[in-house]
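A.B. asks: Chains as they are written, first to last, in this note's numbering: chain A, 820 to 1259; chain B, 1359 to 1653; chain C, 35 to 321.
All residues carry an ideal CB built from backbone N, CA and C; glycine is no exception.
Just so it is clear, the structure is predicted and the values come from calculations on it, not from any experiment.
Just dropping this structure here.
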Amino acid sequence: MVSRRDALKIGASFVVGLGLGAGLASIISGRPSAASQSGTTTSLSPPTSSSATQTGQRKEVFKLGVVTFQTGPASIFGVPALNAAQLLVDEINKAGGILGAQIQLVVRDESGGPDKMVAVYKELVQQVGVDAYIGLISSADCLAVAPVAEDIGTTLTVFFDCATKQLVDQGMMKKVAFRTGGTTVTDGVSLAKYVLEVMPDVKTVAGLNQDYAYGHDEWDDFKNALLAMKPDVQIVGELFTPLFTSDYSAQISKILDLAPDLLHTSFWGPDLVNFIKQASARGLFQKVKVAFARGEFGLSQGMPDGQIVEGPDYHAFPDPRAYYVNRDFVNAYQSRFGSAPSYPAYHMANAVLGVKYAIETAAAVENVAWPDLSAVIHAFERLAYPAPGQYIIMAPNHNAMEGAVVGVSKGGDLEKFKFMYPAEVNPPVGVPSTQWIKSL
Amino acid sequence: MRGWLSPIAIITAATAAYFGGPFLRFAAVYILGWSLAVFGAWLLLRYGLVNFGIGASYALGAYAAGLIYKYLHTADLAVHLLAAVGAAGAWGALNGAVGIKTRGIYYSLLSLSLSMVLYGVLVKFYTVTGGSDGLYMPDPRLLGVRIGTAGLLALAALLAAAWAALGEVFGRSYAGHVAAGIKINELRTSALGADVGRHILISSVLASIAAGLGGLIVGYSTSHVSPDFAYWVTSGKMVVGGLIASFLPWTWGFVASAALYQAVELYSLQFAYPELVVGGLLLAILAAWRLYYRR
Amino acid sequence: MAGFAISFLISFYVFFLNILMTSLGMAFTYGVTRILNLAQGTFFVLGGYLASVFAWQIGLAFGIAAAAAASLAFGPLFYLYVKALGRTELEQLFATYALLLIGEGLFKLVFGNGNYTTASLADGLGSVEVLGQQVPYSYLWGGAVAAALLALMYLLLARTRAGLYMRAVRDDAEMASALGINVREVGLSASALGILITAASGAASSMWQAFTLGLSGQILVYAFASLVVGGIGDLLGVVAASAVISAVRTAAVFLYPQLELVAIYLVVIAVLLTRPSGLFARHARLA
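This is the structure in structure tokens:
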């Protein structure tokens, strides 16, 4: 028989176990934090109203979850993106919110890996109860969250920056997932087209990219696009370096040896800075012209003049003097944050405005005070709306047909830039990217 | 009788979590899965071995299942379990054999290097492993039927309970005493007749299998596995979890530690300075431990 | 052929310099105090950040020196922090891990998320042409800094009483204590010195490297690798280990680029398989 002591111990462990479960629940659960980011001003609406979307009933509060890098090397993308989100949310709220609902930002850091991002997604959707989710810079994170979002299927999920073409090619966005930005195909094809315009006689090309999926994808798409449009180009070298290598002297030596007409790179963050500095010091830019995919950040890091840079967005396009959406965005961003908005800010603007217009359009079409999710999805699939960087056209595959700005570096700015139109640099809906690139 | 307390506590907690809504169910599975890796780290810590490569086993458990699903198109739980145990076990044997002569910081770095080689392989061979994008993990099925969240939670709880039971048995067994001996003074333990190498090898295999099963569970719960699982920072977190577990007097401390660490990490992500939150908390734990355990 | 050799040598030299600088401080501190410092990279990055900030005010050379000087404060603090919180090696590991995280958070708080470097200033130093390849002077100055640090450390260890005590504690702390050496004091000064060296190295390498959030861990692994391959012993071990690692990695980049991702780790594994206590350890495990 069980002795009294043992019975007490069983009871104690039962209670402790329960306590653990309950304690866990209270730590993880219900943190309807109104953007607890220090030094920001976001409208603090009391988190009392239920976020359950009931068709026809006006909402008081619209909880918008935003997940992007606040720490780590990729924060140079995430922080401008979050800045843009806060800026736009404040402006939208001042103008009355979305259909009268004040937007409340719920922010999470994108660190911890794809599995953590799935946990954060579930927390935001199932615990905090956000009405929409915007997030993710890292492709791996998008690829992990997309199936989960589709599976849960209750919340509008917008990927704003990740560049993987798999989301489109594998048909991973069918229900609630959308992406309001371009892919590595957009980058590669727009760069290739611009290169052929300014260097029509280019003969030898080499690539220097980071050794992970994004680096390989950017290189492959650029290389294949270039070869499709000018088959006699010779690829003399394909170099890949581990992420956050601090020293490129070996690679720079190799490139100097190979002496290609053009070098392609999709380096970002500290790698981009290190490469620019070290290559400048070794005189690489005098001998080789470099094409930077998503290289806008490099402009402010001492990039020498005359290099080809794909933004993919750039603050001077569309010309703020002619296009008031960009003018207002750039001015507001500059006065609040002290510098011109960078491309992640533009990508975030695409996403925030997309969500807003999709909901407003769905309400107008359905003639209700608040549309349900299927109406919003229906609207989003057919949406075209003005964003600061360009007019965004959403395609039925849930991906935006986004164009890209490519130009030449000069004194820290971009000049002679050209806007590559969406249809020029994105595959038509339903056509796999690789197939389309071959047909260029 | 005492040996049953740990498994009971775990299963009770899991059952309580089941009634806490969809997110808590997910979190319970995730935590229980991660706790198995913490168990692996903790087991090796009992020998005084700080394994910065336990993430490799964690990754192998999930990748075994992911690759089987990708190439053989089967989501059968039994097949996945066997594959995970096999892969992780083999890796544990490799680690144990290779590391048999190294101790201390050398062992740590050797295990780190081995796991980073695996990480490199996972990233490099992207046509097979999906590279840094990772692989999709299917919903597991048993005899053709999806086991669902309830089934997954039950599986995770059972596995954690089983390893807790093993931990209990280990603590009171000859092997447990040899472990303590190796940690205190290896030469003396060896002189007393224990086959140090064999003990470490077997523990490496067991720790690796635990971590592999953990990776499998976490992979199922998030429907994804990526090379991050094998990165040394991931292992480092598990080691920290194992350290916290070693502060706790219960054998199911590895679950409590995992729950604490994951809860804090998730909680920290809402702040602009998440590292300060986690670092601060770890500091607090260490300070509390020092105060409580004045030597 | 000569061109290839020069390219190889230059690349080898730069990477060798990088690894040597990251691991000198680590080897020194770990040797004497046996604290496995997961925050070592943090101090390296701190040196880089500080140098970048100071250099713009007071010039490159003074900036680097100032950064090194500023870090002197952190050394003793670090030692006291770790010893207060951790009695055993594992607890100390825990404490340094917490420090690593807190360090990252503080970097964001103080320096923000930008990229910090003095490379633009270093460009001003110009470069010298060596058989067709441009070698920036900043690399040569970096080498000079490393050589100076090495010389200083050697003189300290070999010619001073304090150094003698440090070597004694490094070899056998218990015995040294029994012989009347104040191990705590020695540990304190070794930590201070180790962190000074690390920060100075970080400051110097800001001339060719950019520092931003998240790099502390990256650097840590290189430092560990060099420490472990070299073994705990004389400075020669660290220098030789850095050379070996750099040679293998440079060879990989030039001949087998696929292996670059794992080159360092393969070296570590290979060395530890044959010599489980490192190449130049003074007290190698025999079994």
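1. Taking the alpha carbon of residue 46/C as the point to measure from, which residue in 287/C, 317/C, 313/C and 312/C has its own alpha carbon closest?
2. Could you confirm whether any beta carbon from chain A is found closer than 9 Å to the beta carbon of residue 1431/B?
3. Flag residue 1492/B as yes if its beta-carbon sits less than 9 Å from any beta-carbon of chain A, otherwise no.
4. At 3 residues or longer, and completely inside the stretch 1130-1207 of chain A: list those beta strand (DSSP E) runs for me, N to C.
5. Since residue 1218/A sits in a beta bridge, which residues does DSSP pair it with?
6. Check whether the Cβ atoms of residue 1584/B and residue 932/A lie closer than 9 Å to each other.
7. List the residues of chain B whose Cβ lies closer than 8 Å to the Cβ of residue 307/C, in chain order.
8. So which of 156/C, 121/C and 74/C has the shortest CA-CA distance to residue 174/C?
9. Have a look at residue 105/C and residue 96/C and give me their C-alpha separation to the nearest angstrom.
10. Give a yes or no on whether 9 Å exceeds the smallest Cβ distance from residue 298/C to chain B.
11. Touching or not, the stretch 1456-1476 of chain B and the stretch 272-283 of chain C, by the rule of three or more beta carbon pairs under 8 Å?
12. Can you tell me the Cα-Cα spacing of residue 216/C and residue 1622/B, whole angstroms?
13. Just checking my contact of residue 1469/B with residue 1411/B at CB under 8 Å: how many whole Å lie between their CB atoms?
14. Expressed to the nearest angstrom, what Euclidean distance is found between the alpha-carbon atoms of residue 1375/B and residue 1569/B?
15. Assign residue 1494/B to one of three DSSP states: helix, strand, or coil.
16. Please report whether the beta-carbon of residue 1073/A lies at a distance below 9 Å from any beta-carbon of chain C.
17. Does any CB atom of chain C fall closer than 9 Å to the CB of residue 1510/B?
18. Within the continuous alpha helix (DSSP H) that includes residue 95/C, where are the two ends?
19. Report the option in 946/A, 953/A, 1071/A and 1203/A whose CA atom is closest to the CA atom of residue 167/C.
20. What runs of the beta strand (DSSP E), each 3 residues or longer, lie entirely inside the stretch 901-935 of chain A?
21. Could you have a look at residue 969/A and say whether DSSP puts it in helix, strand or coil?
22. Is residue 952/A helix, strand or coil when you go by DSSP?
23. Listing by chain order, which chain C residues have their CB less than 8 Å from the CB of residue 938/A?
24. For chain B, is any of its Cβ atoms less than 9 Å away from the one on residue 990/A?
25. According to the neighbour-count rule (16 or more other Cβ atoms, all chains shown, within 10 Å of its Cβ), is residue 191/C buried or exposed?
26. Determine the chain E residues that contact residue 49/C at a beta-carbon separation under 8 Å, and present them in chain order.
27. List the residues of chain C whose Cβ lies closer than 9 Å to the Cβ of residue 1534/B, in chain order.
28. Should residue 988/A be listed as close to the ligand ADP, given that the test is whether its C-beta is under 8 Å from any heavy atom?
29. Across the stretch 951-967 of chain A and the stretch 975-983 of chain A, are there enough close Cβ pairs to call them in contact, namely three or more that are closer than 8 Å?
30. List the DSSP bridge partners of residue 1583/B.
31. At the 9 Å Cβ level, is residue 1349/B part of the contact set with chain C, yes or no?
32. Of all Cβ atoms in chain B, is any one closer than 9 Å to the Cβ of residue 1249/A?
33. Assuming contact is defined by CB atoms lying nearer than 9 Å, are residue 1239/A and residue 1223/A in contact in what I supplied?
34. Could you have a look at residue 215/C and say whether DSSP puts it in helix, strand or coil?
35. Nearest chain B C-beta to residue 976/A closer than 9 Å, yes or no?
36. Under 7 Å between beta-carbons, which chain A residues line up against residue 1344/B? List them in chain order, please.
C.D. replies: Quick look at the numbers:
1. 287/C
2. no
3. yes
4. 1203-1205
5. 998/A
6. yes
7. 1456
8. 156/C
9. 14 Å
10. yes
11. no
12. 40 Å
13. 3 Å
14. 22 Å
15. strand
16. yes
17. no
18. 94-105
19. 1071/A
20. 921-928
21. helix
22. strand
23. In chain order: nothing, as chain C lies at least about 19 Å away.
24. no
25. buried
26. Judged by its chain identifiers, the structure shown contains no chain E, and its protein chains are A, B and C.
27. Within 9 Å Cβ-Cβ: nothing; residue 1534/B doesn't reach chain C, min ~18 Å.
28. With respect to the ligand ADP, the structure shown offers nothing to examine, as it has no ligands at all.
29. yes
30. 1493/B
31. Residue numbering for chain B in the displayed model covers 1359 to 1653; residue 1349/B lies beyond these limits and cannot be assessed.
32. no
33. yes
34. coil
35. no
36. The requested residue 1344/B is not part of the displayed model; chain B covers only 1359 to 1653.
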